[in-house]
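Q: To start, I am sharing the structure in question, which I have written as structure tokens.
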Amino acid sequence: MKMFLNCIRRRLWFLSEKLPRFRLNISRYNTRDDSYDKTSLLMQLCADRYYISPEAFHTRTCTYGPLGTELKKNIIEQWTSAVRSRAFVFGITTSVQSTCEESLRMVNIGAFQEIFNQESLSKKEAHQKIETLMKDSVSVRTSLLQGALKQYIQALGLVNRTLPFGLAETGLCHHSDSQLGHSSGCSFEVTKSSLVWFCSPRTSSQWMDYWAHQRLQWWRKFALGPSDFEMCNVGDEELKEGTSHGVKVLYKFPWGSETLETLWSLGDTLLLKTHQGTCKKLQCRDGRKSVVPHVISISANVDRGMLAYLYNSFQLLKKPDNKQKLHQRMVLKLHPTLTPVKVGLDMGRGSSSELRQVCDGLFQEFLEAGISTWPGYMDTMSLSLENLHAKYDEMGVLFTVMVSETTLKGGLLLVRNRDTTIRETMHISEIKLFLLKYMSASENF
């Protein structure tokens with residue numbers, strides 16, 4: 041089950057216990073901007089604009105829609121790119137199955153029910169069958185750390201036993217509600233991104249400080265409100281066995297701060313435990329000395345990070361209409377690098393066959409250049425320009441490009457910016473280069 045919906049549903053329930061329920065009508069929204077209203081509006085927007093599937097409202101499971109899938113992919117790509125920007129960080133893929141003590145077991149519930157329904161079984165026989173079922177069940181990982189530790193010795197050959205180096209991976213892990221302080225004990229899936237960094241014991245504290253600073257800066261880099269991302273030290277009571285220090289990157293949700301990423305300074309305890317009796321094989325060169333490296337584990341919850349960026353980018357803006365009445369404008373101001381769709385391509389009134397032909401050509405040109413584009417011109421439902429802009433703002437689309445009769449006559453397009461709402465004309469021959477330059481510059485925003 042996806043963390044995105046689990047997290048948001050638990051908080052909606054929590055808020056509904058403490059805040060009055062409102063009947064929300066988005067077109068006449070005029071209540072105060074409290075967290076329950078904003079959460080409800082954001083969740084509805086995510087369902088309406090293809091970030092999560094509509095059935096997510098009625099079940100504990102959640103599947104991402106096309107835009108949600110693309111946003112998650114973009115976050116993972118940027119996370120991986122950031123941690124692999126250093127030399128000697130290698131990507132790995134490890135098994136979902138686990139032999140770690142902290143793993144969860146996946147049991148066939150049908151087999152359990154079959155045992156309980158056999159009234160002829162004695163208590164002892166039922167107990168034996170359940171024990172066998174548990175023994176044969178599959179253990180699944182709760183983190184990516186153990187897989188990286190197991191690949192350590194093999195990775196030594198890549199770096200000629202030289203420190204530091206790291207192993208990076210993104211994959212599914214299983215959590216239980218009890219791990220998050222909830223009592224149901226239900227298991228759900230969460231996508232994690234991990235870097236396991238092996239370094240000299242002499243420099244481990246400096247590396248811990250370095251990575252803590254880098255990770256907070258990374259989360260803030262793509263934020264509309266960077267101050268909502270903060271860092272704190274892990275209390276002594278939360279430190280696990282063999283852990284000397286821990287740091288958390290937090291996001292301040294309306295209901296309180298939650299952890300997006302954790303960094304642990306693990307020493308050499310877990311590495312030695314994983315490779316029992318092979319201490320000499322674990323040693324690396326640190327100058328003229330041979331040492332067993334210390335381990336720093338960095339683990340990000342991608343699903344919760346995605347939720348944080350959606351919250352952080354969601355804005356309710358007042359906009360006057362032609363009659364000077366104020367209306368609410370909902371915008372997902374996702375960072376240009378993360379937003380799933382960079383361009384919404386539409387056509388105005390005119391010779392539909394010729395306009396469509398121009399749109400087809402532009403659409404193909406954008407795709408070949410790696411510019412993600414929404415083919416709005418293919419939509420059979422006609423929208424006013426104002427409603428079209430509102431739709432794209434809610435989707436987080438950066439630019440709306442309008443092909444019209446003016447394009448056919450003089451090659452001019454109408455281009456609207458999501459963040460400034462400014463509309464300007466641009467020649468069709470310039471649009472691709474303009475978008476590529478904007479995307480490139482946005483990486484340094």
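The working numbering puts the first residue of the sequence shown at 41, with every later residue one more than the last.
We treat Cβ as the ideally placed atom computed from N, Cα and C, and that holds for glycine.
Using only the alpha-carbon positions, how far apart do residue 390 and residue 451 sit?
A: The sequence position of residue 390 within the sequence shown is 350, counting from 1. The sequence position of residue 451 within the sequence shown is 411, counting from 1. Roughly 14 Å between the two C-alpha positions.
Q: What are the boundary residues of the alpha helix (DSSP H) that includes residue 480?
A: Within the sequence shown, numbered from 1, the residue matching residue 480 stands at position 440. Residue 480 -> alpha helix (DSSP H) spans 471-482.
Q: When the Cβ atoms of the segment 372-387 are set against those of the segment 300-316, are three or more pairs found closer than 8 Å?
A: As far as the Cβ criterion goes, the segment 372-387 does not touch the segment 300-316, which means the pair count is below three.
Q: Quick one: give me the first and last residue of the beta strand (DSSP E) that residue 456 is part of.
A: Residue numbering aside, residue 456 sits at position 416 when the sequence shown is read from its first letter. Element bounds for residue 456: 452-457.
Q: Using 8 Å as the threshold, is the C-beta distance between residue 326 and residue 203 below it?
A: Counting from 1 along the sequence shown, the entry for residue 326 is found at position 286. Counting from 1 along the sequence shown, the entry for residue 203 is found at position 163. Yes, Cβ-Cβ distance for residue 326 and residue 203 is below 8 Å.
Q: At 3 residues or longer, and completely inside the segment 227-310: list those beta strand (DSSP E) runs for me, N to C.
A: Counting only runs of 3 or more, we get 227-239, 269-273, 285-293, 296-307.
Q: I want to know whether the segment 125-132 touches the segment 394-410 - three or more CB-CB distances under 8 Å.
A: The segment 125-132 vs the segment 394-410: no contact.
Q: Go through the segment 362-413 residue by residue and report every complete run of the alpha helix (DSSP H) that reaches 4 residues or more, in order.
A: 392-408, all fully within the segment 362-413.
Q: Which class does residue 115 belong to by DSSP, given the choice of helix, strand or coil?
A: Translated into positions along the sequence shown, residue 115 becomes position 75. Looking at residue 115 - three-state DSSP - the assignment turns out to be helix.
Q: Please determine, among 405, 335, 418, 377, the residue with the shortest C-alpha to C-alpha distance to residue 189.
A: Walking along the sequence shown from the start, residue 189 turns up at place 149. Looking at the Cα atoms, 335 is the closest of the given residues.
Q: For residue 409 and residue 119, what's the separation of their Cα atoms in angstroms?
A: As a working note, residue 409 is residue 369 in the sequence shown. As a working note, residue 119 is residue 79 in the sequence shown. Going from the Cα of residue 409 to the Cα of residue 119 covers about 22 Å.
Q: Quick one: Cα of residue 357 to Cα of residue 441, how far?
A: Here residue 357 refers to the residue found at position 317 of the sequence shown. Here residue 441 refers to the residue found at position 401 of the sequence shown. Computed Cα separation, rounded: 22 Å.
Q: Would you identify the three-state DSSP class for residue 465, choosing helix, strand or coil?
A: Residue mapping note: residue 465 aligns to position 425 of the sequence shown, counting from 1. Strand.
Q: Report the option in 369, 404, 430 whose CA atom is closest to the CA atom of residue 472.
A: To locate residue 472, count along the sequence shown from 1; it is residue 432. Of the listed residues, the one whose Cα sits closest to residue 472 is 404.
Q: How should residue 83 be labelled, buried or exposed, when 16 other C-beta atoms within 10 angstroms of its C-beta is the threshold for buried?
A: For the purposes of this step, residue 83 is taken as residue 43 along the sequence shown, with counting starting at 1. Under this definition residue 83 is a buried residue.
Q: I'd like to check one pair, residue 187 with residue 134: are the Cβ atoms closer than 8 Å?
A: For the purposes of this step, residue 134 is taken as the residue at position 94 of the sequence shown. For the purposes of this step, residue 187 is taken as the residue at position 147 of the sequence shown. Yes, Cβ-Cβ distance for residue 134 and residue 187 is below 8 Å.
Q: By the 10 Å Cβ neighbour count, where 16 or more other Cβ atoms means buried, how is residue 281 classified, buried or exposed?
A: Residue mapping note: residue 281 aligns to position 241 of the sequence shown, counting from 1. Burial call: exposed.
Q: Quick check on the DSSP output: the alpha helix (DSSP H) that includes residue 433 runs from which residue to which?
A: Residue 433 sits at position 393 when you count from the first residue of the sequence shown. Here the alpha helix (DSSP H) through residue 433 covers 425-435.
Q: Mind checking which residues open and close the alpha helix (DSSP H) that includes residue 353?
A: Here residue 353 refers to the residue found at position 313 of the sequence shown. That run of the alpha helix (DSSP H) goes 342-353.
Q: What does a CB cutoff of less than 7 Å around residue 348 pick up in its chain, not counting 5 residues either side in sequence?
A: The residue you call residue 348 lines up with position 308 of the sequence shown. Excluding residues within five positions, the ones whose Cβ falls inside 7 Å are 291, 300.
Q: On a Cα-Cα basis, can you pick out the residue from 352, 78, 338 that is closest to residue 265?
A: In the sequence shown, counting from the first residue as 1, residue 265 sits at position 225. Of the candidates 352, 78, 338, the one whose C-alpha sits nearest the C-alpha of residue 265 is 352.
Q: Does DSSP put residue 330 in a helix, a strand or coil?
A: In the sequence shown, residue 330 corresponds to position 290, counting from 1. DSSP places residue 330 in strand when its eight states are reduced to three.
Q: Looking at residue 436 and residue 379, is the spacing between their C-beta atoms short of 8 Å?
A: Indexing the sequence shown from 1 puts residue 379 at position 339. Indexing the sequence shown from 1 puts residue 436 at position 396. Yes, Cβ-Cβ distance for residue 379 and residue 436 is below 8 Å.
Q: Apart from the five residues on each side of it in sequence, which residues of its chain come closer than 8 Å, Cβ to Cβ, to residue 429?
A: Within the sequence shown, residue 429 is the residue found at index 389, counting from 1. 440, 456, 461.
Q: At the level of alpha carbons, what is the spacing between residue 86 and residue 112?
A: Translated into the one-based positions of the sequence shown, residue 86 becomes position 46. Translated into the one-based positions of the sequence shown, residue 112 becomes position 72. If you take the alpha carbons of residue 86 and residue 112, they lie about 13 Å apart.
Q: Below 7 Å, is the gap between the Cβ of residue 265 and the nearest heavy atom of the ligand FMN?
A: Although the ligand FMN was asked about, the structure shown includes no ligands whatsoever.
Q: Go to residue 199, then tell me how far its alpha helix (DSSP H) extends in each direction, as first and last residue.
A: Here the question's residue 199 lines up with position 159 in the sequence shown. Its alpha helix (DSSP H) spans residues 192-199.
Q: Please list the terminal residues of the continuous beta strand (DSSP E) segment that includes residue 441.
A: Mapped onto the sequence shown, residue 441 falls at position 401. From DSSP, the beta strand (DSSP E) with residue 441 extends over 439-443.
Q: Output the boundary residues of the alpha helix (DSSP H) element that contains residue 322.
A: Numbered from its first residue, the sequence shown carries residue 322 at position 282. Element bounds for residue 322: 319-322.
Q: What is the DSSP secondary structure of residue 84, counted as helix, strand or coil?
A: If you number the sequence shown from 1, residue 84 lands on position 44. If DSSP states are grouped into helix, strand and coil, residue 84 belongs with the helices.
Q: Here's the rule I'm using: 16 or more other beta-carbon atoms within 10 Å means buried, otherwise exposed. How should residue 370 be labelled?
A: Taking the sequence shown and counting its residues from 1, the one referred to as residue 370 is at position 330. The residue is buried, with at least 16 neighbouring Cβ atoms inside 10 Å.
Q: What are the boundary residues of the beta strand (DSSP E) that residue 131 is part of?
A: Position 91 of the sequence shown holds residue 131. Element bounds for residue 131: 129-131.
Q: For residue 433, count the other beta carbons within 10 Å of its own beta carbon; 16 or more makes it buried, fewer makes it exposed. Which is it?
A: Locating residue 433 in the sequence shown gives position 393, counting from the first residue. Flag for residue 433 reads buried.
Q: Do residue 311 and residue 32 come within 8 Å of each other at the CB atom, strictly closer than that value?
A: The structure shown does not extend to residue 32, since the chain is modelled only from 41 through 485, so no value can be given for it.
Q: Counting C-beta neighbours from all protein chains within 10 Å, is the total for residue 272 16 or more, i.e. buried, or is it exposed?
A: Position 232 of the sequence shown, counted from the first residue, corresponds to residue 272. Exposed, by the Cβ-count rule.
Q: Which partner residues does residue 78 have in the DSSP bridge list?
A: Looking up residue 78 in the sequence shown gives position 38. Answer is none; residue 78 lacks a bridge partner.
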